[in-house]
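Worksheet for the structure shown next.
Numbering (my numbering), first residue to last: 9 to 655.
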């Protein structure tokens with residue numbers, strides 16, 4: 009269901025109240041939330057039932073309910089799915105946590121002129137209780153975190169609350185620690201998916217009671233049940249993890265903007281490489297642009313060099329490491345500097361194939377090429393996570409010459425161990441950082457100097473602060489350019505720039521070696537030169553010509569069924585309806601449906617895309633919701649889903 013039900017409630021019940029109510033023929037009352045009060049019923053009052061109980065401590069406020077209703081209109085989600093984002097599960101009252109450490113207060117150093125200017129603008133908006141959105145475009149290690157701290161300090165001094173959002177749980181722990189040291193651990197809470205139900209409820213109650221006034225965490229923390237928000241801060245705002253890819257499918261920046269405007273708070277987005285859409289909004293005056301062009305202290309930007317791997321292959325070097333990069337690693341280790349080797353591919357080899365007949369090993373459910381993981385001695389699907397035994401011979405032609413092609417982080421790690429057996433070497437990817445404890449150990453070992461060479465994926469690019477990195481090697485820098493996604497150029501520029509930013513933070517010279525088979529690529533050259541302006545202008549021109557965001561919204565509509573023909577039939581019918589709408593924009597594009605190869609839960613998905621010109625998305629979402637309600641009402645076994653601007 010996705011509608012309202014009318015009940016009789018005590019006078020103290022307001023919008024957002026958590027209730028239990030009798031529902032249908034169920035024996036036990038069900039959980040419910042009050043969406044409206046003082047309603048004149050359209051039905052006979054004698055048919056209206058009383059609520060069973062009211063739980064004030066687990067209740068929400070009017071702004072949270074208003075945001076949930078807005079999410080339904082904007083993303084086509086159900087009321088209850090949006091409301092539940094603000095809630096915590098669990099019934100057992102958590103054990104009271106011990107008293108935390110006291111606050112340290114002022115960091116004990118002066119801000120740079122750029123930091124002062126940035127903090128001054130943001131704090132003035134907080135002081136005036138004026139909603140303003142800021143985009144900080146600050147080079148890596150320009151001191152953005154301290155600007156966030158000053159904004160939080162100003163909000164707290166006015167009796168207000170703060171949300172700080174990070175792209176990864178691993179990064180959240182590091183930043184949470186810094187805020188706890190500054191403001192006291194009792195003042196800081198976190199909400200994320202790796203907490204147990206009881207622990208999450210404990211943090212939720214601390215926040216709701218007003219005991220914790222700063223919430224630090226990944227995207228779900230945007231729904232922290234805070235009152236009187238003074239600032240919402242989103243670090244590394246360009247990261248794709250701020251877009252939810254499962255129900256409800258929301259954009260964190262959009263939700264933050266809505267909540268900040270409701271509370272007359274400051275919204276602060278920060279990145280060295282802002283997303284194209286965010287920078288476009290700054291150009292159009294939606295965000296106030298703040299630029300921080302210089303690193304703080306004695307930190308110097310690293311030198312970046314492009315290495316042509318085609319020449320390496322011609323010279324007979326078949327290693328994943330070029331001769332130049334290997335030489336620089338020798339130099340760095342002898343100088344007692346640490347090294348980061350970045351490759352955005354997990355596993356050992358990226359393909360398992362037969363050179364005789366061309367067979368490629370793929371996941372039977374997802375249709376995706378399997379990756380060979382040496383640590384598991386198995387072929388792994390990076391979409392659904394299933395593991396498969398390695399073939400002894402080709403299933404198609406029975407050839408025994410199975411070939412493992414491409415390189416992942418496991419292969420880079422093995423190569424590094426062979427070349428530098430005395431060095432401390434570790435790997436940092438989803439396989440080695442699957443828990444908070446493992447993540448913390450890898451980061452702390454590198455920070456303490458126990459690890460000399462750290463091999464990792466994009467987790468390394470997300471704001472981690474390492475002080476002794478003299479060299480960064482980026483392997484297969486052009487790999488992400490070949491992904492069939494209109495954001496592939498943007499993603500490549502951001503990854504190169506962000507990973508390069510881990511070098512040279514403690515002063516002195518540092519180097520970044522960018523290995524590529526496409527050294528003429530404009531994106532790679534612009535990233536090596538740090539020329540965001542040229543990259544942005546060329547990318548924006550391309551998006552305008554192709555009618556991609558920010559000039560449109562991409563809407564993915566999917567029909568899910570046990571029968572692939574039924575899914576395709578419904579998708580085709582709905583597409584025809586959208587094309588035939590009287591008020592459909594002239595320049596809208598509704599693509600043909602296709603059957604998604606990635607079969608999950610044993611069901612099939614027929615998907616089509618809509619390029620909705622800017623400002624027209626609400627009409628398409630309205631049509632989707634009407635069809636969804638009709639399918640629910642007819643008890644159809646066809647399930648319809650929608651995703652606005654999916655990754």
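Ideal placement from N, C-alpha and C gives every residue a C-beta, glycine not left out. Since the structure is predicted, the reported quantities are computational estimates derived from the model, not experimental observations.
Cβ-based burial, residue i [other Cβ within 10 Å; buried from 16]
i	result
residue 625	buried
residue 513	buried
residue 581	exposed
residue 615	buried
residue 195	buried
residue 547	buried
residue 168	buried
residue 13	exposed
residue 487	buried
residue 578	buried
residue 503	buried
residue 352	buried
residue 32	exposed
residue 566	buried
Nonlocal neighbours in the same chain, by C-beta distance under 7 Å from residue i, ignoring five residues either side
i	result
residue 508	310, 312, 480 and 520
residue 572	603 and 612
residue 69	24 and 235
residue 189	112
residue 542	534
residue 574	646
residue 72	24, 94 and 233
residue 60	28, 29, 30 and 37
residue 383	418 and 439
Nearest-angstrom Cα separation, counted from residue j out to residue i
i	j	result
residue 301	residue 145	8 Å
residue 208	residue 21	25 Å
residue 401	residue 334	36 Å
residue 337	residue 505	20 Å
residue 331	residue 536	19 Å
residue 530	residue 522	14 Å
residue 319	residue 622	45 Å
residue 526	residue 317	8 Å
residue 435	residue 517	25 Å
residue 269	residue 139	5 Å
residue 266	residue 394	39 Å
residue 655	residue 257	11 Å
residue 447	residue 361	33 Å
residue 661	residue 576	Because the chain is modelled from 9 through 655, residue 661 falls outside the range shown and cannot be assessed.
residue 37	residue 62	12 Å
residue 631	residue 227	28 Å
residue 424	residue 409	27 Å
residue 259	residue 251	5 Å
residue 367	residue 339	43 Å
residue 314	residue 538	13 Å
residue 652	residue 121	40 Å
residue 497	residue 288	16 Å
residue 369	residue 451	34 Å
Expected contact under 8 Å - CB spacing of residue i and residue j to nearest Å
i	j	result
residue 457	residue 476	7 Å
residue 198	residue 225	5 Å
residue 388	residue 355	7 Å
residue 555	residue 595	7 Å
residue 263	residue 239	Residue 263 to residue 239, Cβ: 15 Å. No contact.
residue 341	residue 453	Actually they do not touch by this definition, with Cβ atoms about 16 Å apart.
residue 233	residue 214	Contact flag wrong, Cβ pair sits at about 10 Å.
residue 143	residue 290	5 Å
Nonlocal neighbours in the same chain, by C-beta distance under 8 Å from residue i, ignoring five residues either side
i	result
residue 491	499
residue 357	379, 380, 412, 413, 414, 415, 416 and 419
residue 2	This structure gives no information on residue 2, because the portion of the chain shown stretches from 9 to 655.
residue 255	85, 89 and 649
residue 570	610, 611, 612 and 645
residue 77	43, 87 and 90
residue 164	170, 191, 195, 221, 222 and 238
Chain B within 9 Å of residue i, Cβ atoms only
i	result
residue 85	Of the protein chains in the structure, only one exists, and it is not chain B.
Cut-off 6 Å between Cβ atoms - residues of its own chain near residue i, not counting five sequence neighbours on either side
i	result
residue 172	224 and 241
residue 364	405 and 407
Next item on the list: Quick one: which unbroken alpha helix (DSSP H) runs of 4-plus residues sit fully inside the segment 234–318? Chain order, please.
Entry: 260–271 and 284–291
Checklist line | Entirely enclosed alpha helix (DSSP H) segments - the segment 563–635, minimum 4 residues | finding: 572–587
Check: Which ranges does the alpha helix (DSSP H) cover as unbroken runs of at least 4 residues, wholly within the segment 75–126, from first to last along the chain?
Finding: 87–92
Note to self: To test your reading of the DSSP string, which unbroken alpha helix (DSSP H) runs of 4 or more residues are found completely within the segment 379–434?
What the structure shows: 417–427
Notebook entry, point to check: What are the start and end residues of each continuous beta strand (DSSP E) run of 3 or more residues lying completely inside the segment 16–86, in chain order?
Noted result: 26–29 and 38–41
Check: What are the uninterrupted segments assigned as alpha helix (DSSP H) that are 4 or more residues long and contained completely in the segment 314–371, given in chain order?
Finding: 317–322 and 331–342
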